[in-house]
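Remarks on the structure that follows.
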Amino acid sequence: GVLAGIFAARASSGFACNLRDGMYENIQTFSFSNIDKYSTAGLVTRMTTDVTNVQNSYQMILRIAVRAPLMLICSMIMCFAIHARLSLIFVAAIVVLSAVLLFIMSHATRIFDVVFRKYDDLNASVQENVSAIRVVKSYVREDYENEKFTRAAQNLYRLFTKAEGILAFNNPAMMLVVYGCILLLSWFGARFVVAGALTTGQLTSMFSYVMSILMSLMMLSMIFVMMTMSAASGRRIAEVLTEVPDMENARNPVKEIPDGRIDFDHVSFAYKAGKGLEGEEREETLTDIDLHIRSGETIGIIGGTGCGKSSLVNLVSRLYDASEGTVRVGGRNVKDYDLEALRNQVAVVLQKNVLFSGTILKNLRWGNENATQEECMEACRQSCADEFINRFPDGYETYLEQGGSNVSGGQKQRLFIVLALIPGPEVVFLDELTTGLDTKARREVWNHLLSLRQKGLTILLTSHFMDEVAILCDRIAILKKGQIIFEGTVDDAVTRSPHDNLEDAYLWFMESEEI
C-alpha cells in the first residue's frame, strides 16, 4: 500500500507535468488564428485546474483500477465455485450499481462541462482586475469589480452544488447495494443451509468474499465519480493538445531573404468569425490589396481605427495567412520561407510590446539569444539607445521590473526597436510606435527612426500622427474600409486634395464619398 501510494503519486505528478509541457509546447506553435479560438484565462485554467483534476483521477485509477477489478473477479469466481445460484445476488448488485453510476455520469458530466467554462470566466475576471488595478482604483470601481467577481463565484458555486448533488447519490446507492447484498445473502443462505444445499462453513466463506466484492465495488464507484469530474477537464486539455497549427513550413523552406522588397498581389483577408468556429462565416478585413514596396523604402500605412492597417502588415511575417492573393517578400511567396527565418528577417515592434522582468541585456537578447554583449551594445549605439542605458548605475545589467515599469515610455519603445534590430532584419514593422508618448519622447523615437532609414531597411510604419508620417515616410498608403484609396508620396496626397498639409488632406480622403 505504501509503495502503491508513492509510485502512484510519482506517476500522476509526472503525467501532469508532461500534460502541461505538451500543452505549452503546442501553444507555442499556434498561429494567431489558432490563439484567437481560446481566451488567455481559458488556457491558464486548462493548464492549472483542468490538469490537476486529471492528475487526481489518474492517481486514483493507478492505485485502484488494477487491484479492485482483480479482487472483484477473484471473489466472484470463488463465490460461484461455492454456490452459483446464491452468487447471482452479486450479479444483480453490479447491474443496479452500474445503472446508478451511468445515471450519475450522464447528468454530472454535462454540468462539469459548463463548470469549467465558468472557471474561465472567473480567472478572466481576476486577470482583468489585477492587470487594470490602477484604472479600477482611479475610477473608484472596487465595489463594482467585487460585485462582478462575486457573481462569477456564485455562478460557479451554484453549478458545483448541482453537480456535487448528483454525485452525492453514489454513496447512498453504494450503501443500499452493500447492505442489500448482506441481507439477501443472510436470508437465502440460511434457507439453503436449512435445506442442506449449503454448509455453514461455505456460507461463512461467502460472507468473507462478499465483503471483498463490495469493497471492490465501492472503490470502482469512487473511480467513476472522479472520472466524471475529470472527463470535462480531459476534453478541454485534449482540445489544446490536438489543435493543429494553421501554418506550417513548406517541405523545403527557404531560409534566406535576399532583400526587403514586399509585394501584395491582390490580397484579401478575413478573420474567422467567432472563437472556436471553423470559419465558414468570415468577416472581410482587407479587400484586393495591390501594393508594391521597394527594398529600403519607408512607407506609412495610415487609416482610421479598424481599417486593417495592422492586419495588412501581419500578413508579411505570416502571423496570419491571406485568404486570397499572394504576399511576397524578397520576390518570393512568404509561404515558401521557413517561419523562424521569416520572422527573424521581418521584425515587428508593436504598440503594446512587453518587457519581461530581468536585466536590460537579457531583454535585448530576446531578439537573438546567442547575441554577445558587444553586439547588443553596438545595436544600442547605432540606435542612440545607449545614451539613456549608460545613465543607469548598473548600465546594461539594470534590472527591469515586470512590464518595464521602472523605465519611461520613450525608453521602452527605443529598447523594443533595438530588440527587433539585433537579429539583423531586412524589414521592420512599427505599429503605432509613438502612441501614448509625450512630445519629448516622440521626438527621441523619431530621431531613432531617422537613423534606421540610413541602414537601408524596409520600414512599414502605421501611425495616427500625420506630422510623423510626413517626416519619416517616402510614400504613404491610405486605407479605408479594408481597401487602399490612395498610394503615393506625401506631396502627391496634398496636391490631389484641396488642402495644403497632409493632416487636412488625409481627412479629406477619409471623408470623401467619391474615393
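One gets the numbering used here by counting positions in the sequence shown from 1 and adding 283 to each. Here a beta-carbon is modelled for each residue, glycine too, at the ideal position from N, C-alpha and C.
What distance in whole Å lies between the Cβ atoms of Val-550 and Leu-503, which are believed to be in contact at a cut-off of 8 Å? About 59 Å separates the two Cβ atoms, so there is no contact after all.
How do the segment 732-739 and the segment 764-774 stand: do at least 3 beta-carbon pairs fall below 8 Å, yes or no? Between the segment 732-739 and the segment 764-774, the count of Cβ pairs shorter than 8 Å is below three; the stretches do not touch.
Are the beta-carbon atoms of Val-476 and Thr-483 separated by less than 8 Å? Pairing Val-476 with Thr-483 gives a Cβ-Cβ distance under 8 Å.
Leaving out five residues on either side along the sequence, give the residues of the same chain with a beta carbon under 6 Å from the beta carbon of Met-388. So the list reads Thr-511, once near-sequence residues are dropped.
Status (buried if at least 16 other CB within 10 Å, exposed otherwise) for Arg-417: Per the 10 Å Cβ criterion, exposed.
Through-space distance from Thr-588 to Pro-781, alpha-carbon basis: Their Cα atoms are separated by approximately 24 Å.
Unbroken alpha helix (DSSP H) runs of length 4 or more, entirely within the segment 672-758: which are they? Along the segment 672-758, the alpha helix (DSSP H) occurs as fully enclosed runs of 4 or more residues at 692-704, 722-736 and 749-755, listed in sequence order.
Between Met-330, His-575, Asp-774 and His-390, which has its C-alpha nearest Ala-521's C-alpha? The alpha carbon of Ala-521 has as its nearest neighbour, out of Met-330, His-575, Asp-774 and His-390, the alpha carbon of Met-330.
Pick out whichever of Ser-640, Asn-784 and Leu-326 has its Cα sitting closest to the Cα of Gln-311. Of Ser-640, Asn-784 and Leu-326, the residue nearest in Cα terms is Leu-326.
Could you tell me the alpha carbon to alpha carbon distance between Ala-624 and Ile-449, rounded to whole angstroms? For Ala-624 and Ile-449, the distance between alpha carbons rounds to 54 Å.
With DSSP run on the structure shown, which of helix, strand or coil describes Ser-415? In the sequence as displayed, the identity of residue 415 is Ala instead of Ser. Ala-415 falls in the coil class under three-state DSSP.
Anyone know if the C-beta pair for Pro-708 and Leu-740 falls short of 8 Å? In this structure, Leu-740 lies closer than 8 Å to Pro-708 by Cβ.
Among Ala-553, Asp-714 and Phe-639, the one whose alpha carbon lies nearest that of Val-690: Cα-wise, what sits closest to Val-690 is Phe-639.
Under DSSP, the alpha helix (DSSP H) around Phe-258 begins and ends at which residues? Since the first residue shown for the chain is 284 and the last is 798, residue 258 is missing from the structure and cannot be characterised.
Do you know offhand how far Glu-563's Cα is from Asn-317's? Below a pLDDT of 50, predicted positions are generally treated as unreliable, and Glu-563, at 47, falls in that range; the measurement from the model is reported next regardless. Computed Cα separation, rounded: 15 Å.
Here's the rule: buried if 16 or more other CB atoms are within 10 angstroms of the residue's CB, otherwise exposed. What is Arg-393? So Arg-393 counts as exposed.
Should Ile-247 and Leu-355 be called a contact, given that it needs their Cβ atoms to be closer than 8 Å? Since the first residue shown for the chain is 284 and the last is 798, residue 247 is missing from the structure and cannot be characterised.
If we ignore side chains and look at the alpha-carbon of each, how far apart do Glu-786 and Tyr-603 end up? Whole-angstrom Cα-Cα distance: 31 Å.
Do you know how far the Cα of Ala-415 is from the Cα of Asp-542? Between the alpha carbons of Asp-542 and Ala-415 lies a distance of about 42 Å.
Ordered list of beta strand (DSSP E) runs contained in the segment 472-520, each at least 3 residues: Entirely contained in the segment 472-520, not one beta strand (DSSP E) run reaches 3 residues.
Count the other CB atoms, across all protein chains shown, that sit within 10 Å of the CB of Ser-370; report buried if there are 16 or more and exposed otherwise. Ser-370 is buried by the Cβ-count criterion.
In the structure shown, what three-state DSSP assignment does Gly-614 receive? The DSSP-derived three-state label of Gly-614 is coil.
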